[in-house]
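For reference, the structure discussed in these notes is given below.
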Amino acid sequence: MENIEGINKEEKISSIKKMCIGLQSEDRKVRKQTLIDLEKFLSSKENVFSNQELQTIFVDIHIHVLNGLRDKAEGVREQTIHFLNVFLIDKLPINDYYLTYVIPILVERLGSVEIIEESEEIRLQLVQFLNAIIVKYSNTAQLVPFLNDSIIILAESVKDKYPAIKELSCRTIINLSIALPRDFHKQAESLVKPVLTCFSHQRYKVRIEAIKSIGEIIMHSSYKALDEAVGPLAEKLFDQIPMVRRAVGQVAAKWLLEYRDRYSFFHKILPLLLTGLNDEVLETRMEAATLWEKVGLQYQNENEKDFKDELDYMTQLPKYYPENIERPNIGCRGLVKRNISKIAPAIARELMSWQEDVRLRCAQLLCSIALHAEEGITQNLQELLLSMYSAARDDDSRVVTNIERASEIIGCFVKCNIWSPLVLPIAEEGPHYGHLTVLQGLVKGAPQEYIHPYIENICKVLAEDSICCSRKDKYQVEIIKCVKALAEKHKASTEDLTGYYLFKIAISIFALKHPENNDKIKDEEVLDAITKALRLENSQQLWSLYSPKVLNHINKNPNLWVTVSEEECIFLTVLTNMKESFGQNLEVIKDILVQALDTECDAESRLKIFYVLATLFEKKDIIFANGQEITGFLEKLVQDIFVPSLVWHAGATSEAIRTMAASCLQSALLPAEGVELFTQETLQPVVDELLPLLISLLEDASYRSRQIAADCLILLKDNCYRKNIWTVDYLIKIYPEILKRLDDPTDKVRLSALRNLPLLLRDAPAAFKNLVYRSHHELIIDTLVIHFDDDEESVQKIVKDILYEVANINRKELLNKLERHKPVLRNQKGCDEIIESIEGLKITEIEN
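In structure tokens, the structure reads:
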């Protein structure tokens, strides 16, 4: 390019005109280079132009240059924009004359529904150019005529598919509102819908800019625009990006502080900011708290007369204000209280939304609202409670946690006499675990001083069988939480029925506990909480105090129980855990057992009860430690339970019951230290009743029954011997049946018979040694000698021990038999050892 330094004005303009000829070239490279040359010429330090000269240049070249924006070549269009940025923004002075030509071209390229400018990069540069114009002409009258055109452009560009254009368009809208603060309101509402389309964009930066943009648009719009924007803005509270949620809070705070008709829309804007107080991100929570405090202080100052009394006299925290929570300022509390009636219905509705995120944010918002409204939430409590019951059953644990927290806050501020009439009737009608979750939160949050008079009534409702007898896993967890909360609030006293109700609820849940709750519900932990509340020394005192009432309560038609009956489950749980208290309740336990173990009762149920009884009787030193009338108790059990249950009946079920009854009897007959089971007078009839049944049981089809029957006979013998009623008649009835079992087809029964024979023959009555019983002696010896030659060495050894016992009865006959059978015995060595040992014994000979 020819050096034109120092030429005069006409020559400069003439040179520029000559250069513009290149813009009409068919070669795109020439057109592009011409634009570059023009830019260099105008930007050259050697060429200094006055405003008048620049205006003249614009008049001469604007047609050619602006046509460059329509050029087919993308490079030329791009260079044209670059040139216009230098010429219009950097060089030309502010004058609406230039915009008259430029803005229409921008509208043409960007402002139509059809995409005229196909290049995304060029569209972005055009929006950047428009933004630069707006910034340069900010707060000038020259920009006002072009407001409508700018709005047209931005309404389309903000819907562009290119994210960078969307983002920049939103920023440009904000700049336009700043540039024309007095006029922007005329067209602002037309931007609401286009900007809202950006709220769902996948790029979080676009969403942030759109939120900021809508915030500025609403500041210049009517209430209709606010109504339209609040919903989509609230949805952004669920955004996964913290900065997006933070932007919502910033916009909401701006509206609460500056929106001209904010008093009419506080109830719609408040949730947008209050939700941020419970955000997952600390920075978001802190910023929301700062903004909220600022809003509250402004509201307080604006309504200073209304808050005068509170400011002057209520300077201290309420007596039972929640710990570790800073109380919001008066303005914040007043703002929420005056709008709670409009906010609460929306929260109640959205707590049951099908969207998980909505339910979570509403639950968090409820916590904030409850904390600010304090006792002011009372008038909307019934409506909120219904939704809280539902939300407390949410699958999302975060929702449930916030509902529990909200319940505690409400319980702290709302008196028990207000919420209990709302909660308890619903519980009585048939609660689900959501009711219990809310109830335990209310109880937990309530000050002890205020709730104590109502605890007994609450416990009474929960202790109803229809409420506390549930097998549902989550329900059980929540009702146990209620028990713990109520126990914590109870002032120590065993005079009222509160302790009994709590105990009954706990025992009912223990008895019906769902398998999944074995780790969640710790029995001892719950009982310890009740024990502590009643100021008892240990949980055993709890059993002593309240187990009689529980047993009497469930003593309703035990003969109709089945294994799944709630009463039976509770009964067995009480029996298993009451320990020393068992002996104090023998009368009612006896009454229940006699009915529940009747032969006409459900077989499976009887088996289950027999099993528990057998386990209990193994600890007689504990369960009978404080017992009275133990003998009468056992005598009744033998007569009314064991005797009928040991009678033979056909069928596998009856066989199983006989086996279990015999096992239970065996446990009952086992001696226990410090416990006198029978007196001499009562034992004799017991033996007379049991003996024939047990002897019959030795022939039972079940090997286990035969085995246990043999053990029971030996236990009867031991008891008789201790009471000096062991007679020859008893021995003669028993020993032949035991001898028969030596030929039993089951090895376990044979071994049991072998082990029991020496116990049976030991301490035989003196009369049995008389010659008159010689035939019995011979039967015993002959049978034992046969089994002495058994193939099993273990059997030989046991028989050898039995023969030693027989030697105490009739040594002479035993030696004669051994000498006579010795030649035919295989076990010669063992036979010699017995003969040698017996000959050395000093035994009283049989009377002749």
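Mapping the sequence shown onto the working numbering, position 258 (from 1) lands on 258, and the numbers just tick up by one.
Even for Gly, the Cβ is constructed at its ideal location relative to N, Cα and C.
Of the candidates N756, L761, V749 and K723, the residue whose Cα lies closest to the Cα of I732 is L761. Apart from sequence neighbours up to five positions away, the residues of its chain that approach E566 with a beta-carbon distance below 6 Å are C469, ordered along the chain. Considering only L560, Y501, K556 and K513, the residue with the shortest C-alpha distance to L542 is Y501. Counting C-beta atoms within 10 angstroms of its own C-beta, L439 has 16 or more neighbours from the protein chains shown and is therefore classed as buried. The beta carbon of G111 is closer than 6 Å to those of I152, I153 and E156 in its chain, skipping five residues each way along the sequence.
Contact between L784 and V806 is confirmed by a C-beta separation of about 7 Å, below the 8 Å threshold. Looking at the backbone, the Cα of L771 and that of F678 are separated by about 33 Å. Closest in alpha carbon position to G249, among Y259, I241, L237 and E258, is L237. Within the segment 51-91, no beta strand (DSSP E) run of at least 3 residues lies entirely inside it.
In the three-state scheme derived from DSSP, where H, G and I count as helix and E and B as strand, V675 is classed as strand. By the neighbour-count criterion, in which a residue is buried when 16 or more other Cβ atoms sit within 10 angstroms of its Cβ, G68 is buried. Per DSSP, C569 is one residue of the alpha helix (DSSP H) stretching across E566 to N577. For N175, the enclosing alpha helix (DSSP H) starts and ends at P163 to A179. DSSP places M352 outside both helix and strand once states are collapsed to three, so it counts as coil. In this structure, the straight-line span from the alpha carbon of V526 to that of K513 is close to 13 Å. By the CB criterion at 7 Å, S544 and S581 fall inside the cutoff. By the CB criterion at 7 Å, A603 and T563 fall outside the cutoff. In this structure, the CA atom of Y137 is about 12 Å from the CA atom of L92.
Judged by DSSP in its simplified three-state form, F307 adopts coil rather than helix or strand. When secondary structure is reduced to three states using DSSP, N756 falls in the helix class. The Cβ-Cβ distance between L613 and C569 does not fall below 7 Å. The three-state reading of DSSP puts Y546 in helix, counting H, G and I together. Taking C-beta separations shorter than 7 Å and ignoring five residues to either side along the sequence, the partners of D357 in its chain run F238, following chain order. In the pairwise beta carbon analysis, the segment 385-402 is classified as touching the segment 425-436: at least three pairs are separated by under 8 Å.
E167 and L84 have their C-alpha atoms some 22 Å from each other. If you draw a 10 Å sphere on the C-beta of P692, you find fewer than 16 other C-beta atoms in it, and that means exposed.
Here the alpha carbon of V336 sits roughly 20 Å from the alpha carbon of L360.
For Y773, the closest C-alpha among the options L35, E813, V795 and E793 is that of E813.
The segment 597-666 is shown to contain whole alpha helix (DSSP H) runs of 4 or more residues at 603-617, 620-623, 630-637 and 643-646, in chain order. Of E681, G215, T498 and T631, the smallest CA-CA separation from N724 is found for E681. With contacts defined as CB atoms closer than 7 Å, S547 and V588 fail to qualify as a contacting pair.
Between A253 and L291, the C-beta spacing is below 7 Å.
The Cβ-Cβ distance between L616 and I623 falls below 7 Å.
The alpha helix (DSSP H) runs lying completely inside the segment 380-436 and spanning 4 residues or more are 381-391, 397-413 and 416-429, given in chain order.
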